[in-house]
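Position in the sequence shown counted from 1, then plus 129, gives you this note's numbering.
Even glycine gets a Cβ: it sits at the ideal position worked out from N, Cα and C.
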Amino acid sequence: TGAIAKHPLLARGDGGGGRETGGARLGDKAIEEGDGDAEAAFRWWQGKVVMELGSGLGLASIVAAHMGARVYCTDGDALVVGMCSKNVAKNTAQLASGDVAHAASAVVKTAPAVAKLYWGDEGDFAAADAWLAGARAFTGPTTSAAAASATDATAAKSSSTAGVADVILLADVIYGEHPEAWRALVDTLRRFSGPTTVTLLSHTRRGGRQRVFFDWLRDAGFEVEVVERWRENKDGFSSLTLLYAIFTSQ
C-alpha cells in the first residue's frame, strides 16, 4: 500500500472461485502492510470507494474494509458469492462496534457489500452502479475533523463519478486459458474506471497465455506498472507474484 500511495501516477487525483491462491494471499498482505509507513497506508484507504472483482472468499475486500474503505465485493459465481457472504460476515462483525484499535478507526467502518457481478453482464453492472452511487453519497458520522473533511470531500464528488470506483481490486484472477473471460474483465474495468481510478492486480505467474491480458489492457487505454514483487520457494518449487497498478491513460 505504501508503494501504491507514493506512486507518481497517483498525482493525477485522490486515489486513485471459492479458494484463495498465492496471489490472493499476497495481495491481502500488500494492502495491509505497505512499505513500513502503516499510518500513511491507513490514511490512504480511508473513505475510498472500492470494488473487488473475482473476490473468491473476499479476503482483499475484508482487509480493505478494515482499513476504512467502503467496499463492493463481487464474484461471478453465485455459489462463491454465498460462501463469500458468510466469510465476510464472520470477519467484519467487529467493524460496527469500533473494536479495531488504530488511527483509522476515526472513520466509520462498514462491512463490504457482497454481490454477484459476472464480468460483462449489464444487469450486474446496473446493480453495481446503484451501490457505487450510494457509497459516494455516504456521509456517516466521524470522530475527527480530518476524517469528516475526507468524508465530505468524497461526498462532494461530481455525479459523473457515481458509477466509478476509486480502487478496483483483483487478486489472482488471471490464470489458465480463459481469453473470453479476460476480454470481459478488460471491458468491466473500463466500465468502472475513471481518470483517478487505480486497479491493483496481484498476479502469480504460471506460464500459459496470461501475457495477452496485459496486451489487451494496454490496447484498451490502460497503463500497467509493476509496483511490488514477491518470490516464494516451497517444496522445491519457486513462484513469482507481482502487484500491478493499472490506470487509464491520459
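Threonine 239 and glycine 187 have their C-alpha atoms some 14 Å from each other. When rounded, the separation of the alpha-carbon atoms in aspartate 258 and glycine 323 is 13 Å.
If you ignore the 5 residues before and after valine 200, its C-beta comes within less than 6 Å of the C-beta of Val179, Ser190, Ala193, Ala194 and Pro241, all in its own chain and listed in chain order. The region 205-222 makes no contact with the region 292-301: fewer than 3 CB pairs, one atom from each, lie closer than 8 Å. For tryptophan 359, DSSP records a beta bridge to Thr370.
The residue among Phe321, Ile303, Ala255 and Arg335 with its C-alpha nearest the C-alpha of arginine 360 is Arg335. DSSP places histidine 195 in the uninterrupted alpha helix (DSSP H) bounded by 188-195. In the three-state DSSP reduction, lysine 245 falls in the strand class (E or B).
Taking 8 Å as the cut-off, the Cβ atoms of serine 331 and alanine 374 do not count as close. For lysine 245, the closest C-alpha among the options Asp206, Ala169, Phe171 and Val217 is that of Asp206. Per DSSP, the continuous beta strand (DSSP E) segment holding arginine 199 begins and ends at 199-204.
Exposed is the label assigned to valine 341, since fewer than 16 other Cβ atoms lie within 10 Å of its Cβ. Scanning its chain for C-beta atoms nearer than 6 Å, with the 5 sequence neighbours on each side dropped, one finds around leucine 314 the residues Trp248, in chain order. In summary, serine 184 is buried, with 16 or more beta-carbon neighbours lying within 10 Å of its beta-carbon over all protein chains present. Here the alpha carbons of glutamine 175 and glutamine 339 stand approximately 33 Å from one another. In the DSSP assignment, the residues bridged to isoleucine 297 are Met180 and Thr328. Separation of arginine 320 and alanine 266 (C-alpha to C-alpha, rounded to the nearest whole angstrom) is 20 Å. If you look at aspartate 348, you'll find it in the alpha helix (DSSP H) that goes 340-348. About 6 Å separates the beta carbon of phenylalanine 343 from that of valine 353, a gap short enough to meet the 8 Å contact definition. Note on geometry: alpha-carbon atoms of alanine 349 and alanine 222 lie some 39 Å from one another. In this structure, Thr325 is the residue among Thr325, Thr370 and Glu306 with its C-alpha nearest to the C-alpha of isoleucine 297. According to DSSP, residue pairing for glutamate 352 in a beta bridge involves Phe376.
In the DSSP annotation of this structure, the continuous segment of the alpha helix (DSSP H) that includes phenylalanine 321 starts and ends at 308-321. Boundaries of the alpha helix (DSSP H) harbouring alanine 169: 167-174, taken from the DSSP string. Residue pairing by DSSP places threonine 333 opposite Thr370 in a beta bridge.
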